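The working numbering puts the first residue of the sequence shown at 0, with every later residue one more than the last. Where a beta carbon is used, it is the ideal one built from N, C-alpha and C, also for glycine. Owing to the predicted nature of the structure, the values given are computational and were not obtained by experimental measurement. Here's the structure, in structure tokens; my notes come after.
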Amino acid sequence: MLTHHRKPVCLSMISTDLPIWSVVETAGTLYQRDTDKFHLVLTAPPLISCEVGNYLHPEDTLSQPKNNFFPPSSPRVLWLEISPHRVIMTMQGNGQVSYRHLWELGVYGISRFWLPDESLQRHEPIRLRNFTKSFIISGHPFPNHLRLEYELWAGKLQLGRYILNLEVQN
């Protein structure tokens, strides 16, 4: 039987060796699919697209370049499928970057990224591998903490080490 609960959520992702970090604090809906399987759906604040143009005029050589910011037209939806041994996270929305990650302890999972394109051609996703080094989930009857430590790989090139941390307030 499907049950759902609205909960405050904090989702963070940091790199331990690169200057990359992201934190989302929002309300999420936790759906119980089975005794130990859950889906968590949350809306993340929109990313702001930035198109930087240099509008220097020949007569105005001391001017600084201007930035044009374009807010997205729709929110981003994050969907996590959580079980005791596997997590799948999908981000969709607003015509920008979309992705899907699969993490499982000791396994090379797949990370796929879809980049926006103004052409009508269909493009294949960028496929990377992630190796899950640590997988901790706690909370009963509902998960209230998830921590994943993983490495991201493109072929034989490591693209960094990351920590994904999810806190669901009960």
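Boundaries of the beta strand (DSSP E) in which residue i is found, first to last residue
i      : result
Ile162 : Leu156 to Val167
Leu127 : Ile125 to Ser137
Thr42  : Lys36 to Ala43
Phe112 : Tyr107 to Trp113
Residue i, DSSP secondary structure in three states
i      : result
Glu150 : strand
Leu55  : Residue placement at Leu55 is poorly supported in this model, since its pLDDT is 41, which falls under 50; the coordinates still yield a value, given next. Note: Leu55 maps to coil in three-state DSSP.
Asp16  : coil
Gln95  : coil
Ser11  : strand
Leu79  : strand
His144 : strand
His3   : strand
Closest by C-alpha distance to residue i, when choosing among the options
i      : options                        : result
Glu24  : Ile109, Asp33, Leu127 and Lys6 : Lys6
Gly43  : Asp33, Lys155 and Thr28        : Here residue 43 is Ala; the residue named in the question, Gly, does not match the sequence. Nearest of Asp33, Lys155 and Thr28 to Ala43, Cα basis: Thr28.
His144 : Leu151, Glu150 and Ile136      : Ile136
Pro74  : His84, Gln91, Pro83 and Ser82  : Gln91
Arg32  : Ser21, Pro83 and Thr131        : Pro83
Val8   : Gly108, Phe141 and Ser110      : Phe141
Supposed contact pair residue j and residue i - C-beta distance, whole angstroms, cut 8 Å
i      : j      : result
Tyr149 : Asn129 : 5 Å
(request) Spell out a yes or no on whether the region 94-106 and the region 24-38 are touching, meaning 3 or more CB-CB pairs, one atom from each, closer than 8 Å. (result) no
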